[in-house]
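Inspection log for the structure reproduced underneath, given as structure tokens.
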Ligand SMILES: NC(=O)c1ccc[n+]([C@@H]2O[C@H](COP(=O)([O-])OP(=O)(O)OC[C@H]3O[C@@H](n4cnc5c(N)ncnc54)[C@H](O)[C@@H]3O)[C@@H](O)[C@H]2O)c1
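Residue numbers (the numbering used here): 1 to 445.
Right, dumping it as structure tokens:
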């Protein structure tokens with residue numbers, strides 16, 4: 001039998017810098033939420049690292065541990081926030097502008113939020129057409145801009161007395177630009193940075209800078225950064241964890257709960273029409289067709305995989321899947337999503353499902369930023385490098401090794417995450433066979 005691999009995870013020590021390119025609605029709701037929880041003003045609802053529990057051992061043992069007691073995660077009190085934005089407002093001003101959290105809460109944490117000031121951003125209007133900012137770096141080449149970001153990271157860690165850092169992209173969605181020649185290898189990417197190749201986007205420059213500094217990087221948007229070979233090669237070379245892409249928050253979260261349920265019962269689907277109205281800055285950015293295209297790709301991929309035409313031609317060979325996002329200012333951050341699902345049952349008889357989710361975009365995204373920051377720091381201390389597929393749970397379009405299919409089913413993603421935490425702590429993996437309870441011998445329980 002192959003020897004079981006034992007993972008040694010170093011204990012977190014000192015402060016952890018959580019750096020977010022982008023200090024808009026999601027990032028400021030994340031900072032504010034962690035500060036509010038630290039002060040005992042609110043509960044970290046929605047955060048698996050803070051509230052989740054993992055079953056250990058056999059069911060008869062009735063043994064469960066809180067995630068943050070099972071694995072050595074950094075504590076909330078040890079997080080130091082930092083970020084970059086194209087607008088100079090501090091986090092208190094940006095959070096007030098975003099209008100996600102009530103003024104009464106923001107006033108109680110005003111001092112802490114006001115101290116979080118954005119560093120100057122690397123920005124290119126060609127990639128986010130609806131924004132115009134003034135707080136932007138300049139430099140002769142994209143390589144020079146990357147080096148400026150690297151210096152920002154080092155200075156931040158030094159000035160704030162941090163031990164280490166992680167980066168979570170919370171910036172705007174960039175115009176859809178699939179990977180091209182310049183993204184094919186690290187060598188061609190670095191040459192591209194030196195000669196200002198227009199196909200290199202700002203988010204790719206941040207990712208490059210983070211990885212060069214051995215800072216784990218999670219991509220919260222559908223931008224193409226850790227998704228392409230050059231930066232995956234760099235992550236391997238620098239022995240640094242990466243994951244992405246696009247936080248799985250509202251409509252897509254529900255899709256990856258509902259769709260596997262329909263498929264598991266072998267119900268057919270003729271069409272799935274999803275529409276959203278959204279009035280925040282993200283909605284304004286996504287009103288540009290180029291940025292919307294990035295979102296459309298990550299949102300539609302989910303159903304292609306769950307309703308596989310190849311595996312189930314009788315059920316899913318002709319699905320009409322449509323996703324729309326309409327910018328509608330009166331709603332602000334409170335997005336409304338509608339789904340109409342046309343399904344077919346026994347003998348092809350049609351039925352319909354309607355889902356109307358009145359959600360709050362950044363309220364759903366903030367705990368994901370926290371979990372990703374803590375888990376990516378854990379992965380780094382566990383000496384994990386490259387793509388962290390076990391964090392697929394958090395993403396609309398999980399990054400996986402080339403040639404592998406991404407797993408989209410939320411409950412399967414959770415099993416993978418839980419087993420990874422058991423693996424990290426040398427606990428027995430659980431395969432849910434459960435025959436030992438009925439007298440059949442098996443290796444695992
Ligand atoms: N809220 C959700 O439910 C959710 C879900 C999935 C993904 N996302 C993604 O998360 C990201 C953030 O969403 P949001 O609602 O906070 O948007 P937002 O518009 O409120 O904030 C984005 C911020 O990024 C800044 N920015 C843009 N380009 C930048 C750059 N190159 N460098 C530094 N800053 C830059 C903008 O000025 C803005 O302040 C978006 O890409 C969004 O698509 C959000």
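Beta carbons are placed, not taken as given, at the ideal position from N, Cα and C, and that holds for glycine. Nothing here was measured: the structure is a model prediction, and the numbers come from that model.
Could you round the C-beta distance between residue i and residue j to whole angstroms and report it? I think they count as a contact, below 8 Å.
i           : j           : result
residue 299 : residue 173 : Wrong, their Cβ atoms sit about 11 Å apart, outside the cutoff.
residue 117 : residue 17  : No, residue 117 and residue 17 are not in contact; Cβ-Cβ is about 14 Å, not under 8 Å.
residue 319 : residue 283 : So it is not a contact: roughly 26 Å between Cβ atoms.
residue 224 : residue 142 : Their Cβ separation, rounded to whole angstroms, is 15 Å, which puts residue 224 and residue 142 out of contact at 8 Å.
residue 209 : residue 244 : At roughly 16 Å, the Cβ-Cβ gap does not stay under 8 Å, so residue 209 and residue 244 are not in contact.
residue 322 : residue 131 : About 27 Å separates the two Cβ atoms, so there is no contact after all.
residue 351 : residue 166 : Not quite, the Cβ-Cβ distance comes to about 45 Å (not below 8 Å), so this is no contact.
residue 82  : residue 27  : Contact doesn't hold; Cβ gap of about 10 Å is too wide.
residue 138 : residue 177 : Contact flag wrong, Cβ pair sits at about 22 Å.
residue 374 : residue 73  : 5 Å
residue 9   : residue 424 : 6 Å
residue 175 : residue 127 : 5 Å
Between residue i and the rest of its own chain, which residues show a CB-CB distance below 7 Å, the 5 nearest in sequence each way excluded?
i           : result
residue 333 : 25, 98, 99, 100, 280, 360, 361 and 362
residue 394 : 247, 248, 368, 371 and 372
residue 254 : 355 and 357
residue 157 : 17 and 165
Take the Cβ of residue i as the centre, count every other Cβ of all protein chains shown within 10 Å, and call the residue buried at 16 or more, exposed below.
i           : result
residue 444 : Residue placement at residue 444 is poorly supported in this model, since its pLDDT is 49, which falls under 50; the coordinates still yield a value, given next. Exposed, because fewer than 16 other Cβ atoms sit within 10 Å of the Cβ of residue 444.
residue 63  : exposed
residue 40  : exposed
residue 486 : Not covered by the structure: residue 486. The range shown for the chain is 1 to 445.
residue 232 : buried
residue 45  : exposed
residue 431 : exposed
residue 400 : exposed
residue 329 : exposed
residue 79  : buried
residue 440 : exposed
residue 405 : exposed
Using DSSP with H/G/I as helix, E/B as strand and the rest coil, what is residue i?
i           : result
residue 141 : coil
residue 286 : helix
residue 275 : strand
residue 98  : helix
residue 336 : strand
residue 79  : strand
residue 444 : Caution applies to residue 444, whose pLDDT of 49 falls short of 50 and renders its modelled position unreliable; the value that the coordinates give is listed next. Here residue 444 sits in coil by DSSP.
residue 406 : coil
residue 498 : Because the chain spans 1 through 445 in this model, residue 498 falls outside it and cannot be assessed.
residue 422 : helix
residue 124 : coil
residue 207 : helix
residue 136 : strand
residue 189 : helix
residue 327 : strand
residue 352 : strand
residue 116 : coil
residue 26  : helix
residue 299 : helix
residue 322 : strand
residue 42  : coil
Residues in the same chain with beta-carbon distance under 6 Å from residue i, minus the five sequence neighbours each way, listed in chain order, please.
i           : result
residue 310 : none
residue 152 : 119
residue 86  : 121, 123, 133, 135 and 136
residue 380 : 216 and 241
residue 171 : 21 and 22
residue 410 : 256 and 257
residue 29  : 100, 362 and 366
residue 235 : 211, 242 and 386
residue 33  : 366
residue 214 : 238 and 240
residue 288 : 129 and 130
residue 66  : 53
residue 389 : 400
residue 384 : 241
residue 274 : 251, 323 and 339
Taking DSSP's pairing of strands, which residues face residue i in a bridge?
i           : result
residue 242 : 217 and 387
residue 396 : DSSP, once it has assigned bridges, lists no residue as partnering residue 396.
residue 162 : 15
residue 155 : Residue 155 pairs with nothing; no bridge assigned.
residue 176 : In DSSP, residue 176 forms no bridge with anything.
residue 247 : 395
residue 149 : Partner(s): none; residue 149 has no beta bridge.
residue 66  : 53
Ignore the nearest five residues each way along the sequence and tell me which others in residue i's own chain have a CB closer than 8 Å to its CB.
i           : result
residue 125 : 131 and 132
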